[in-house]
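Heads up: the structure comes next, in structure tokens.
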Amino acid sequence: MTTAVCPGSFDPITLGHVDVVRRARSMFDEVVVAVARNSAKTPLLAADDRVALARAALADLDGVRVETVDGLLADFVRDLGAAAVVKGLRSGADFDAELPMALMNRHLSGVETVFVVGDPALAHVASSLVKDVARYGGPIDDLVPAGVGDAVREALARTGGSAR
């Protein structure tokens, strides 16, 4: 059985993320969505909430599970015995950001990164932009899986980040 890991902060999970996970699942027997606790970032949503939202968004996909990752992705991937890391690319800027991480993960774990070109219809969808639009009361429900928009708006209201 070949396993791939789709890592990210998923703050929040978007339809672009779901698209990449679906396509990764078509290439691998099992996909582990690895929700990172990144100490360099201050997430809007708590890790447990990000995991719960990802599990709900991906519940219809057999062979996909969601876990939290603390520490180095390379260690997680190696301990899991994964065959690959899968990352989605929306643009050349994504490639520029992802390539150094892919090379470091290969150096540390020996595992290759597979880049999946994102659906052009979702190329404008990024977690950071979803949060920005929501902060100003804009519509986000067509950018994220069911229930995620409400979670983002509630988190923004709770943290004083707006969401009008």
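Position 83, counted from 1, in the sequence shown is what numbering that gives the first Met the number 0 calls 82; the numbers after and before it change by one each time, with no gaps.
Virtual Cβ for every residue (Gly too), placed ideally from N, Cα, C.
All values reported here derive from a predicted model rather than from experimental measurement.
Contact annotation, V30 with V17: C-beta distance approximately 12 Å; criterion of less than 8 Å not satisfied. Distances from the alpha-carbon of V116 to those of H106, L107, G91, S108 put G91 closest.
Restricting attention to P11, R24, F27, the CA atom closest to the CA of V34 is found in P11. If you ignore the 5 residues before and after R36, its C-beta comes within less than 8 Å of the C-beta of A46, T67, V68, D69, all in its own chain and listed in chain order. Beta-bridge pairing by DSSP links L43 to no other residue. Secondary structure at G91: helix, using DSSP grouped into helix, strand and coil. Taking the C-beta atoms as reference points, L142 is found nearer than 8 Å to L14. With contacts defined by Cβ atoms closer than 8 Å, V113 and P6 do not form a contacting pair. DSSP, reduced to helix, strand and coil, places R64 within a strand of the structure shown. Less than 8 Å separates the beta-carbon of V65 from that of A53.
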